[in-house]
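S.K.: Before I ask anything, let me first share the structure, which is written out below as structure tokens.
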Amino acid sequence: APAVELAGVAKTYRSGTTAVRGLDLTVHEGEFFSLLGPSGCGKTTTLRLIAGFEEPTAGEVRLHGTRVTGVPAHRRDVNTVFQSYALFPHLSVFENVAFGLRRRRVPRGEIAARVGAMLETVELTGLERRRPRELSGGQQQRVALARALVNRPRALLLDEPLGALDLRLRQAMQVSLKRIQREVGLTFVYVTHDQGEALTMSDRIAVLNDGRIEQVGTPREVYERP
Ligand code: ADP
Ligand code: ADP
6 APAVELAGVA KTYRSGTTAV RGLDLTVHEG EFFSLLGPSG CGKTTTLRLI
56 AGFEEPTAGE VRLHGTRVTG VPAHRRDVNT VFQSYALFPH LSVFENVAFG
106 LRRRRVPRGE IAARVGAMLE TVELTGLERR RPRELSGGQQ QRVALARALV
156 NRPRALLLDE PLGALDLRLR QAMQVSLKRI QREVGLTFVY VTHDQGEALT
206 MSDRIAVLND GRIEQVGTPR EVYERP
């Protein structure tokens, strides 16, 4: 089964705003798939529907062949990193990243190795003992990224995860995410309003506008569109 399938999906919020409508979308396993479009076009809503944080008003969302609605979050084998990276304020950087592994009773030595390697990937080595409030916004965002990646989920849903980073770090993280995709082979669904970022990172891109998908294609197809 594909990693993600949306069929005729619509979402109207209680306020009456229809954020997305008529979404048909397939994301293949192992793909780096971006949702691209201007602010307010429905990217975050689409990601929240895939994560199961929102129920569709119409249509169906499937993850790895299973309907999302009604399945508890921890059974879905996806991890998410949203803009509001809710870290545990009382836990150190190390313990924030280790949290899911401890819950699954992964052996201590393996936790140390996996958390250490992941903190190296996101360039946070040396900050293991800090609390989130002692970190910059960009550092906190990288902790959230490490916390999601260390669990090795089948799919990772990311909402503008590099938005708070300066140019150098953003480029370094782009390279790291692509390397992780190659090495781990997980599926990425990646929300961005940055066309350049979508074009360099993605296997395929869905361009959203006003709650609808305007186009789906490879970076080349999207870029060369008249
Ligand atoms: P994007 O991520 O592309 O900026 P969103 O999915 O956040 O777009 O928003 C799409 C539309 O839905 C916007 O008009 C936004 O104001 C509205 N919207 C988003 N979240 C909510 C909500 N929780 N309640 C009501 N309206 C919302
Ligand atoms: P089980 O209890 O069935 O062993 P877990 O809860 O340990 O399963 O985790 C199953 C999968 O769900 C893992 O891949 C893990 O990364 C992911 N996961 C765990 N907790 C969460 C969460 N809060 N949100 C999203 N995914 C999660």
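Counting from 1 along the sequence shown, just add 5 to a position and that's the residue number in full-length UniProt numbering.
Glycine included, C-beta positions come from ideal geometry on N, C-alpha and C.
A quick note: this is a predicted structure, and the numbers were derived from the prediction, not measured.
1) For the putative contact between Gln-145 and Leu-129, defined by C-beta atoms under 8 Å, what is the C-beta separation to the nearest angstrom?
2) Give the straight-line distance between the Cα atoms of Gly-35 and Thr-17, rounded to the nearest whole angstrom.
3) Rounded to the nearest angstrom, what separates Arg-230 and Ile-116 at their Cα positions?
4) Which term fits Pro-166, buried or exposed, when burial requires 16 or more other beta carbons within 10 angstroms of its beta carbon?
5) Who sits around ligand 1, taking every residue whose Cβ is closer than 6 Å to one of its heavy atoms?
6) From what residue to what residue does the beta strand (DSSP E) around Leu-40 run?
7) To the nearest angstrom, how far is it from the Cα of Val-212 to the Cα of Val-25?
8) How would you call Leu-191, buried or exposed, if buried means at least 16 neighbouring beta carbons within 10 angstroms?
9) First and last residue of the beta strand (DSSP E) that includes Val-86?
10) Please classify Pro-43: is it buried, with 16 or more other beta-carbons within 10 angstroms of its beta-carbon, or exposed?
11) Taking the straight line between their C-alpha atoms, what separation do you get for Arg-134 and Ser-97?
12) Ignoring anything shorter than 4 residues or poking outside the region 6 to 54, list the alpha helix (DSSP H) runs there in chain order.
13) Per DSSP, what kind of secondary structure is Thr-126 in: helix, strand or coil?
14) Under 8 Å from any heavy atom of ligand 4, does the C-beta of Ala-15 make it?
15) Thinking C-beta only, is Val-9 closer than 9 Å to Val-86?
16) In whole angstroms, what separates the C-alpha of Arg-209 from that of Gln-179?
17) Rounded to whole angstroms, what is the Cα-Cα separation between Gln-186 and Arg-119?
18) What separation, rounded to the nearest whole angstrom, lies between the Cα atoms of Ala-12 and Ala-153?
19) Using a Cβ-Cβ cut-off of 7 Å (strictly less than) and excluding sequence neighbours within five positions of Leu-102, which residues of its own chain qualify?
20) Throw me the rounded Cβ distance for the Leu-54 and Pro-61 pair, which I believe falls under 8 Å.
M.R.: Taking the coordinates as given:
1) Mapped onto the sequence shown, residue 145 falls at position 140. Mapped onto the sequence shown, residue 129 falls at position 124. 10 Å between Cβ atoms; not a contact.
2) Taking the first residue of the sequence shown as position 1, residue 35 is located at position 30. Taking the first residue of the sequence shown as position 1, residue 17 is located at position 12. Distance between the alpha carbons of Gly-35 and Thr-17 is about 30 Å.
3) Taking the first residue of the sequence shown as 1, we reach residue 230 at position 225. Taking the first residue of the sequence shown as 1, we reach residue 116 at position 111. Rounded to whole angstroms, Arg-230 to Ile-116 spans 46 Å at the Cα level.
4) Translated into the one-based positions of the sequence shown, residue 166 becomes position 161. So Pro-166 ends up on the buried side.
5) Tyr-18, Ser-20, Thr-22, Ala-24, Gly-42, Ser-44, Gly-45, Cys-46, Gly-47, Lys-48, Thr-49, Thr-50
6) Working through the sequence shown from its first residue, we reach residue 40 at position 35. It spans 37 to 41 - the beta strand (DSSP E) in which Leu-40 sits, taken as one unbroken run.
7) Taking the sequence shown and counting its residues from 1, the one referred to as residue 212 is at position 207. Taking the sequence shown and counting its residues from 1, the one referred to as residue 25 is at position 20. Cα to Cα, Val-212 sits roughly 13 Å from Val-25.
8) Taking the first residue of the sequence shown as 1, we reach residue 191 at position 186. That one is buried.
9) Counted from its first residue, the sequence shown places residue 86 at position 81. Note, Val-86: beta strand (DSSP E), 83 to 86.
10) Position 38 of the sequence shown, counting from 1, holds the residue named residue 43. The residue in question, Pro-43, is exposed, as its Cβ has fewer than 16 Cβ neighbours within 10 Å.
11) In the sequence shown, counting from the first residue as 1, residue 134 sits at position 129. In the sequence shown, counting from the first residue as 1, residue 97 sits at position 92. Each residue's alpha carbon lies about 5 Å from the other.
12) none
13) Within the sequence shown, residue 126 is the residue found at index 121, counting from 1. Looking at Thr-126 - three-state DSSP - the assignment turns out to be helix.
14) Ligand 4 is absent from the structure shown, which contains only ligand 1 and ligand 2.
15) On the sequence shown, position 81 is the one that residue 86 refers to. On the sequence shown, position 4 is the one that residue 9 refers to. Going by C-beta atoms, Val-86 is not nearer than 9 Å to Val-9.
16) Here residue 209 refers to the residue found at position 204 when the sequence shown is read from its first residue. Here residue 179 refers to the residue found at position 174 when the sequence shown is read from its first residue. Whole-angstrom Cα-Cα distance: 16 Å.
17) Start at 1 with the first residue of the sequence shown, and residue 186 comes out as number 181. Start at 1 with the first residue of the sequence shown, and residue 119 comes out as number 114. Between Gln-186 and Arg-119, the C-alpha separation is close to 16 Å.
18) Along the sequence shown, read from residue 1 onward, the residue named residue 12 stands at position 7. Along the sequence shown, read from residue 1 onward, the residue named residue 153 stands at position 148. The alpha-carbon atoms of Ala-12 and Ala-153 are separated by roughly 27 Å.
19) Position 97 of the sequence shown, counted from the first residue, corresponds to residue 102. Contrary to the premise, residue 102 reads as Val rather than Leu in this sequence. Val-120, Met-123, Leu-124, Val-148, Ala-151, Arg-152, Val-155.
20) Mapped onto the sequence shown, residue 54 falls at position 49. Mapped onto the sequence shown, residue 61 falls at position 56. That belief holds up - the Cβ atoms of Leu-54 and Pro-61 are roughly 6 Å apart, short of 8 Å.
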